[in-house]
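K.L.:
Take this structure, written in structure tokens, and hold onto it; I'll ask about it next.
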Amino acid sequence: MATAASAAVGRSSNPMIDPRHLRGGAGALALAAALAAALPASAQPEGAALPARSGGDERPSPSPRPDRPSRSAVVLATAVAPEAEERAAPLASALDALLSDTAQDLGLSVDLAGRVGSRSRPDEAELIERARSGDKLFIAPSLELHGDEAELRLAVASGGSRSLRVRVERVARDDLAVRAAVMLRDLLAELDAGAAAAPASAREEPCPERCRGRLATPARSMGKATLAANATLYGGLVGFSIQRSSGSDDPRLLYPLLAVGAGIGLGGAIIIAEEWDVGVADAWYLGSGTWWPTLAGHLIYQGRFAQHAADPAQERWASGLIGGTAGITLAALGLSLGRMSEGGALMAQSGGGLGLMLGGLVEWAGRGDVQRTPIAGMGYGAALGWLAAAAAATQLDVTPSEILAIDVGAMLGGLGAAALASPLVFESPTEAQQRAWVGATAAGFLLGAGVAWRVTRPAGAGARSAGPSWNRFGLPTLGVIGESVVGSRRAPALGLGWQGAIP
Numbered sequence: 023m024a025t026a027a028s029a030a031v032g033r034s035s036n037p038m039i040d041p042r043h044l045r046g047g048a049g050a051l052a053l054a055a056a057l058a059a060a061l062p063a064s065a066q067p068e069g070a071a072l073p074a075r076s077g078g079d080e081r082p083s084p085s086p087r088p089d090r091p092s093r094s095a096v097v098l099a100t101a102v103a104p105e106a107e108e109r110a111a112p113l114a115s116a117l118d119a120l121l122s123d124t125a126q127d128l129g130l131s132v133d134l135a136g137r138v139g140s141r142s143r144p145d146e147a148e149l150i151e152r153a154r155s156g157d158k159l160f161i162a163p164s165l166e167l168h169g170d171e172a173e174l175r176l177a178v179a180s181g182g183s184r185s186l187r188v189r190v191e192r193v194a195r196d197d198l199a200v201r202a203a204v205m206l207r208d209l210l211a212e213l214d215a216g217a218a219a220a221p222a223s224a225r226e227e228p229c230p231e232r233c234r235g236r237l238a239t240p241a242r243s244m245g246k247a248t249l250a251a252n253a254t255l256y257g258g259l260v261g262f263s264i265q266r267s268s269g270s271d272d273p274r275l276l277y278p279l280l281a282v283g284a285g286i287g288l289g290g291a292i293i294i295a296e297e298w299d300v301g302v303a304d305a306w307y308l309g310s311g312t313w314w315p316t317l318a319g320h321l322i323y324q325g326r327f328a329q330h331a332a333d334p335a336q337e338r339w340a341s342g343l344i345g346g347t348a349g350i351t352l353a354a355l356g357l358s359l360g361r362m363s364e365g366g367a368l369m370a371q372s373g374g375g376l377g378l379m380l381g382g383l384v385e386w387a388g389r390g391d392v393q394r395t396p397i398a399g400m401g402y403g404a405a406l407g408w409l410a411a412a413a414a415a416t417q418l419d420v421t422p423s424e425i426l427a428i429d430v431g432a433m434l435g436g437l438g439a440a441a442l443a444s445p446l447v448f449e450s451p452t453e454a455q456q457r458a459w460v461g462a463t464a465a466g467f468l469l470g471a472g473v474a475w476r477v478t479r480p481a482g483a484g485a486r487s488a489g490p491s492w493n494r495f496g497l498p499t500l501g502v503i504g505e506s507v508v509g510s511r512r513a514p515a516l517g518l519g520w521q522g523a524i525p
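As structure tokens, this is what we get:
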């Protein structure tokens with residue numbers, strides 16, 4: 023048997039893997055011989071002896087396979103570098119067939135429907151998620167050519183693991199077929215050994231229950247400092263508002279009220295943090311319900327009711343207290359639905375700010391006068407914007423980077439549109455011109471936010487590797503494409519070109 027294996031390996035020593043040989047009987051014989059030669063004695067089933075060849079008519083009896091159910095596996099297309107795809111494509115295609123045959127010989131059921139035709143290297147995080155969601159083995163080979171050598175990388179993702187098993191070897195092209203088969207066999211043996219060593223309870227539990235372990239227990243009430251700072255400041259503001267609402271200017275009343283309000287806020291925050299597990303995001307979400315409704319109460323009263331009041335200074339502070347109390351109550355109700363994420367807390371803060379600007383634009387559009395500060399519209403916008411964003415934050419799972427990108431996109435879009443439409447408000451604009459400028463600014467504001475949301479929206483698992491690239495046919499180039507020479511005079515030639523593959 024050893025002689026046959028050596029002869030088979032010797033026959034497979036070609037300068038390059040020939041796809042026709044790999045798919046024929048010679049390739050299967052070479053693969054079986056390579057696996058038999060590379061298989062250690064300890065890996066043979068107990069009590070199974072190697073058959074001896076006594077004559078040409080006798081055929082060796084097949085060795086018994088382990089009694090285990092066949093696992094489903096997906097062998098992805100061999101990834102190669104874009105610049106070397108033309109040179110490495112025949113070798114990669116042959117390697118795809120070899121690994122598929124090897125996986126079947128090792129007892130795997132190869133699922134051809136899940137194979138992606140792209141030769142780009144798949145994202146490893148997405149590979150793990152696809153393996154976990156489908157409960158399959160994903161085998162992702164990649165190949166790099168270095169002269170007469172080839173660097174082969176095999177990554178295996180198992181359905182019950184959060185990690186990849188990777189092997190990388192740089193071998194001569196003559197030995198690539200044998201080493202690929204041995205590397206895949208070793209990786210699958212490591213997976214079987216790890217599954218056998220795992221406790222029975224861990225193997226029987228579903229993955230969500232099995233993968234909940236943590237390296238460290240997070241501290242309780244990590245948002246205590248944030249909650250205490252917001253509560254102390256708001257307590258002082260409450261004391262100041264009470265003093266102003268009473269119509270008193272006596273400092274002997276002001277400072278005790280400030281101290282009492284700040285102390286009550288600080289003490290209440292400490293008690294809340296000890297009683298409940300308050301995270302940083304929870305504290306900032308509650309803070310958004312404190313400040314934006316308070317500001318909205320001040321702005322709405324000042325722009326809407328102050329001109330009809332006998333003493334607007336006193337009643338404005340009372341309106342701010344009413345708005346802040348309502349905001350804190352609604353924010354606490356939102357937190358009762360569950361813990362708040364960092365993206366949700368930032369969404370609530372962002373909703374108040376963006377709503378304030380949109381409300382001002384709406385009032386400008388209604389009045390047709392951009393010279394007058396839209397105080398009431400800003401107040402209504404801040405209140406409604408915060409309320410809508412705070413309600414959405416309890417239902418949506420967003421990240422801080424997505425919210426920040428939308429804020430930046432909205433600001434850039436609004437400022438750009440306002441700058442482009444600014445000639446409409448030069449000198450003495452009419453009401454129609456001012457409304458047109460406000461409409462253009464609002465359209466740019468919303469368009470920028472929409473584009474930023476579309477760009478930052480996360481793609482589904484495997485979407486980047488499965489879908490074709492949007493620039494696969496090349497990109498336009500604008501600039502200097504040549505030079506014009508007349509005698510001793512030279513001038514650059516400007517133009518539009520196209521760089522890339524012709525479809």
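The sequence shown runs 23 to 525 under the numbering used here.
Where is the CB? At the ideal position from N, CA and C, for every residue including glycine.
All values reported here derive from a predicted model rather than from experimental measurement.
Would you kindly report the start and end of the unbroken alpha helix (DSSP H) that includes His330?
P.N.:
It is not in any alpha helix (DSSP H) - His330 carries neither H nor E in the DSSP assignment.
K.L.:
Determine the contact status of Ala348 and Arg266, defining contact as a CB-CB distance below 8 Å.
P.N.:
Contact: no.
K.L.:
Ends of the alpha helix (DSSP H) at Ala412?
P.N.:
Looking at the DSSP string, the run of the alpha helix (DSSP H) that includes Ala412 is 397 to 415.
K.L.:
Could you pull the DSSP bridge partners for Leu527 from this structure?
P.N.:
Absent from the model: residue 527. The displayed extent of the chain is 23 to 525, so no value can be given.
K.L.:
Quick one: is Arg338 near chain C, going by C-beta distance under 8 Å?
P.N.:
This model lacks chain C altogether, as it is built from one protein chain only.
K.L.:
Evaluate Thr312 with the Cβ neighbour count: other Cβ atoms within 10 Å of its Cβ, from every protein chain shown; 16 or more gives buried, anything less gives exposed.
P.N.:
Buried: at least 16 other Cβ atoms inside 10 Å.
K.L.:
Using the beta-carbon count (16 or more within 10 Å), is Arg234 buried or exposed?
P.N.:
Because Arg234 sits at a pLDDT of 47, beneath the cut-off of 50, its placement in the model cannot be relied upon, and the point is left open.
K.L.:
Would you call the CB atoms of Val260 and Leu321 closer than 8 Å?
P.N.:
Taking 8 Å as the Cβ cut-off, Val260 and Leu321 do not qualify as a contacting pair.
K.L.:
Nearest to Ala398 by alpha carbon, out of Val302, Ala332, Ala432, Leu380?
P.N.:
Considering only alpha carbons, the answer is Leu380.
K.L.:
From which residue to which residue does the beta strand (DSSP E) around Ala172 run?
P.N.:
171 to 179 is the span of the beta strand (DSSP E), which, as asked, contains Ala172.
K.L.:
Report yes if the CB atom of Ala284 is closer than 8 Å to the CB atom of Gly245, and no otherwise.
P.N.:
Not a contact, by the Cβ cut-off of 8 Å.
K.L.:
Could you tell me if Gly360 is buried or exposed, where buried requires 16 or more neighbouring beta carbons within 10 angstroms of its beta carbon?
P.N.:
Result: exposed.
K.L.:
Let's test the definition: count the other Cβ atoms within 10 Å of the Cβ of Ala464 and tell me whether it reaches 16, buried, or not, exposed.
P.N.:
Under this definition Ala464 is a buried residue.
K.L.:
Taking C-alpha atoms, which residue in Leu176, Ala250, Asp170, Arg207 lies nearest to Asp197?
P.N.:
Selected option, being the one with the closest Cα: Asp170.
K.L.:
Whose C-beta lies closer than 8 Å to the C-beta of Arg93 among residues of the same chain, with five residues either side of it excluded?
P.N.:
Only Gly129, Leu130, Ser131, Lys158, Leu159 meet the Cβ criterion.
K.L.:
Taking C-alpha atoms, which residue in Arg274, Trp408, Met369 lies nearest to Gly377?
P.N.:
Nearest C-alpha to Gly377: Trp408.
K.L.:
Determine the contact status of Leu113 and Leu206, defining contact as a CB-CB distance below 8 Å.
P.N.:
Against a cut-off of 8 Å, the Cβ pair of Leu206 and Leu113 comes out as no contact.
K.L.:
Secondary structure at Phe160, three-state DSSP: helix, strand or coil?
P.N.:
Phe160 falls in the strand class under three-state DSSP.
K.L.:
Using CA coordinates, which residue listed in Arg141, Val178, Arg457, Ser164 is at the minimum distance from Glu151?
P.N.:
If we check each option's Cα against that of Glu151, Val178 comes out closest.
K.L.:
Can you tell which of Ala211, Ala370, Gly436 has its C-alpha closest to the C-alpha of Val4?
P.N.:
An answer regarding residue 4 cannot be provided, because it is not within the stretch 23 to 525 covered by the chain.
K.L.:
Looking at C-alpha atoms only, which residue of Trp459, Leu442, Ala441, Leu418 is the closest neighbour of Arg479?
P.N.:
If we check each option's Cα against that of Arg479, Leu418 comes out closest.
K.L.:
Taking only the alpha-carbon atoms, compute the straight-line gap between Ser268 and Ala340 and give it to the nearest angstrom.
P.N.:
Whole-angstrom Cα-Cα distance: 9 Å.
K.L.:
Is it right to say Gln456 is buried, meaning 16 or more other beta carbons lie within 10 angstroms of its own, or is it exposed?
P.N.:
Buried, because 16 or more other Cβ atoms sit within 10 Å of the Cβ of Gln456.
K.L.:
From Ala440 to Gly257, what distance separates their C-alpha atoms?
P.N.:
Using only the alpha carbons, I get a separation of about 39 Å.
K.L.:
Buried or exposed: where does Gly375 fall if 16 or more other Cβ atoms within 10 Å of its Cβ makes it buried?
P.N.:
Per the 10 Å Cβ criterion, buried.
K.L.:
Rounded to a whole number of angstroms, what is the C-alpha to C-alpha distance between Ala410 and Met433?
P.N.:
The straight-line gap from Cα to Cα measures roughly 19 Å.
K.L.:
Could you spell out the range, first to last residue, of the alpha helix (DSSP H) harbouring Ser94?
P.N.:
No alpha helix (DSSP H) holds Ser94; the beta strand (DSSP E) holding it covers 93 to 97.
K.L.:
How big is the Cα-Cα spacing for Leu249 and Ala295?
P.N.:
So the two alpha carbons sit approximately 8 Å from each other.
K.L.:
What is the residue span of the alpha helix (DSSP H) that Arg187 lies within?
P.N.:
Unbroken run through Arg187 is the beta strand (DSSP E), 186 to 194; no alpha helix (DSSP H).
K.L.:
Determine the direct distance from the alpha carbon of Leu117 to that of Met23, and round the result to whole angstroms.
P.N.:
In this prediction, Met23 scores a pLDDT of 39, lower than 50, which makes its location untrustworthy; the coordinate-derived value is nonetheless stated afterwards. For Met23 and Leu117, the distance between alpha carbons rounds to 26 Å.
K.L.:
With DSSP as the reference, please indicate the residues paired to Thr499 in a beta bridge.
P.N.:
Thr499 is bridged to Gly519.
K.L.:
Could you tell me which residues DSSP pairs with Val102 in its beta bridges?
P.N.:
In the DSSP output, where bridge partners are listed per residue, Val102 has Leu165.
K.L.:
Let's see if you can read the secondary structure: which residues bound the beta strand (DSSP E) around Leu121?
P.N.:
Taken as a continuous stretch (DSSP letters only), Leu121 belongs to no beta strand (DSSP E), being part of the alpha helix (DSSP H) at 107 to 127.
K.L.:
How is Leu130 classed by DSSP in three states: helix, strand or coil?
P.N.:
Strand, per DSSP.
K.L.:
Give me the Cβ distance between Ala404 and Leu317, rounded to the nearest whole Å; I'm assuming they're in contact under 8 Å.
P.N.:
The pair is a contact, with the Cβ atoms about 6 Å apart (cut-off 8 Å).
K.L.:
Would you kindly work out how many angstroms separate the C-alpha atoms of Leu44 and Val204, rounded to a whole number?
P.N.:
Residue placement at Leu44 is poorly supported in this model, since its pLDDT is 43, which falls under 50; the coordinates are not used for a value here.
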